[in-house]
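Shown next, in structure tokens, is the structure this report addresses.
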Amino acid sequence: MIYKKIFNFQFSIFNSVKKQKGFTVLESIVAILILSLSISGAFSAVQQGFSQSIIAKDEIKASFLAQEAVEVIKNIRDSNQLYKIQNPSTSRTWLYKIAESGDPCGFGNTCRVDITTPTSGTYLYTCSGGWGSCNNLSQNQTNYIYAYSGASSNFKREVQIESISADEISVTVRVYWTKGLVTRDFKVKTVLFDWI
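Okay, so the sequence shown: first residue is 1 according to my numbering, each after it adds one.
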């Protein structure tokens with residue numbers, strides 16, 4: 001009789017365990033951990049996407065600023081060539097106001113391009129030293145043109161011209177900008193010819 005009572009006891013080790021409904025504490029902790037990791041992974045991916053889009057936007061601006069400087073120098077070269085065609089007896093060369101002796105971008109100088117100063121007769125201005133010596137560009141808050149008056153931007157554009165031969169020059173444009181603690185740069189190098 002005592003033997004039967006012991007085995008009929010409700011919590012006997014010989015009785016099968018009743019199936020419980022719901023989660024154990026361990027299962028809940030694992031589920032919360034997996035959910036937290038997936039959510040933080042998604043947030044991290046979104047943050048990386050935003051960061052990369054800002055970097056891409058700045059790189060696009062830098063490429064346009066560099067191309068603008070190249071186009072200004074090409075325009076000056078072409079204007080000199082057209083002047084020479086119209087005035088064959090002139091002593092003006094194809095490098096006039098670009099890289100002749102005494103010009104702002106003379107060989108070995110670093111210069112800046114300012115597209116808003118055509119009345120001064122030049123778009124090019126000498127900087128005080130080598131790469132990194134020019135002032136930051138400013139952005140006009142009305143028409144959003146980058147120049148050297150207005151609200152200061154984080155972009156800096158510099159130009160150097162090197163002689164390759166009497167009829168050929170190399171134009172290098174570098175645009176620098178800082179985002180946070182990182183300084184980035186975009187560089188364009190092109191070759192211009194005396195096409196007359």
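For glycine and all other residues, C-beta sits at the position ideal for the given N, C-alpha and C.
With respect to the 7 Å criterion, ARG174 and GLU158 are classified as neighbours on the basis of their beta carbons. Counting C-beta pairs with one atom in each stretch, the region 180-193 and the region 70-90 have three or more that are closer than 8 Å, which means they touch. Secondary structure at SER44: helix, using DSSP grouped into helix, strand and coil. In the structure shown, SER170 adopts extended strand secondary structure according to DSSP, grouped into three states.
Just so you know, the alpha carbons of ASP103 and GLN52 end up roughly 40 Å apart.
By the 16-neighbour rule on beta-carbons within 10 angstroms, ASP114 is buried. Burial check for TYR144: the Cβ neighbour count within 10 Å stays below 16, so the residue is exposed.
Counting of Cβ neighbours within 10 angstroms places ILE98 among the buried residues, the total reaching 16 or more. For PHE193, the uninterrupted beta strand (DSSP E) segment begins and ends at 182-193. Contact between GLN160 and THR172 holds: CB atoms are separated by about 5 Å, below the 8 Å threshold. Taking the Cα positions, LYS84 is about 7 Å away from ARG92. Ranked by Cα distance from CYS127, the first of ALA45, SER38, GLY106 is GLY106. In this structure ILE169 is buried. Its beta-carbon is surrounded by 16 or more other beta-carbon atoms within 10 angstroms. Between SER138 and SER149, the gap from beta carbon to beta carbon is short of 7 Å. At the C-beta level, ASN140 and SER152 stay beyond 7 Å of one another.
ALA166 has its alpha-carbon roughly 44 Å from the corresponding atom of GLY180.
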